[in-house]
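Colleague: Here it is, the structure, as structure tokens.
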Amino acid sequence: NQPTKVTLFVSVNYIELVKETRNDLYLDVLMYFEQLWNDPRLKFYNRQLNTIIGGEDIKRLIWVPDTFISNAFNVRAHNVPSPQMFVKINSSGDVWLTVSIKCSQELSSFPCDKQRCHMRFESYAHNANTIIHNLTAIHENGPNVIPNFKIRDYAVENKITQFESGKV
Numbered sequence: 772n773q774p775t776k777v778t779l780f781v782s783v784n785y786i787e788l789v790k791e792t793r794n795d796l797y798l799d800v801l802m803y804f805e806q807l808w809n810d811p812r813l814k815f816y817n818r819q820l821n822t823i824i825g826g827e828d829i830k831r832l833i834w835v836p837d838t839f840i841s842n843a844f845n846v847r848a849h850n851v852p853s854p855q856m857f858v859k860i861n862s863s864g865d866v867w868l869t870v871s872i873k874c875s876q877e878l879s880s881f882p883c884d885k886q887r888c889h890m891r892f893e894s895y896a897h898n899a900n901t902i903i904h905n906l907t908a909i910h911e912n913g914p915n916v917i918p919n920f921k922i923r924d925y926a927v928e929n930k931i932t933q934f935e936s937g938k939v
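Each position in the sequence shown, counted from 1, maps to that position plus 771 in my numbering.
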């Protein structure tokens, strides 16, 4: 039994000004968080259909990695008016799950500050013997909608940490 390999993608969709006070600016960085894995139980053959596409309705019917953002105090699912979710399954059992997320920022020292949105992805109930996450490059999905703000760099680190309860 090999662990399920889950590839993670994060793309910055746009930056939105949420609130501006006399001394502070508050921004939301809207991103797409995408997971890709293969589930051989979902392989199918159909001459007229090679991809199944849906949302929450499909997600409820299949196994989905229990990936969560463990330091999510400033990252949350983007619900307007319902979770923005997209599921795609191809005939070889590859599954893509995309969810829209936000990372809120406070710019109290603007323009002399730098903002970071740290996201640590982990499995909620599984260790590295069951699921291995691999975060790939982060990229911008579209133009920034707020002038004077620029995304300068991204850092990606994949690691397995040993705890008494197992490796995560």
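C-beta atoms are modelled at their ideal positions from N, C-alpha and C, and glycine is treated no differently.
Would you check if the distance between the CB atom of Ile840 and the CB atom of Asp810 is smaller than 8 Å?
Modeller: No; because the gap between Cβ atoms is not below 8 Å, this pair is not in contact.
Colleague: Is it the case that the Cβ atoms of Pro836 and Thr907 are separated by a distance below 8 Å?
Modeller: Contact: no.
Colleague: With distances taken Cα to Cα, identify the nearest neighbour of Ile786 among Met802, Lys830 and Val777.
Modeller: Ranking Met802, Lys830 and Val777 by Cα distance to Ile786 puts Met802 first.
Colleague: Just verifying my parser: in three-state terms, what is the DSSP assignment at Asp865?
Modeller: Correct three-state label for Asp865: strand.
Colleague: The beta strand (DSSP E) with Ile824 in it runs from where to where?
Modeller: That run of the beta strand (DSSP E) goes Thr822 to Gly825.
Colleague: Which residue comes first and which comes last in the beta strand (DSSP E) that contains Ile840?
Modeller: Start and end: Thr838 to Ile840.
Colleague: When DSSP labels each residue in this structure, what does Leu807 get in the three-state scheme?
Modeller: Leu807: strand per DSSP, three-state reduction.
Colleague: For Tyr895, which residues from the same chain have a beta carbon less than 7 Å from its beta carbon, with the 5 sequence-adjacent residues on both sides left out?
Modeller: Result list for Tyr895: Asp837 and Phe839, in chain order.
Colleague: So, Val870 versus Leu813, is the Cβ gap smaller than 8 Å?
Modeller: In this structure, Leu813 does not lie closer than 8 Å to Val870 by Cβ.
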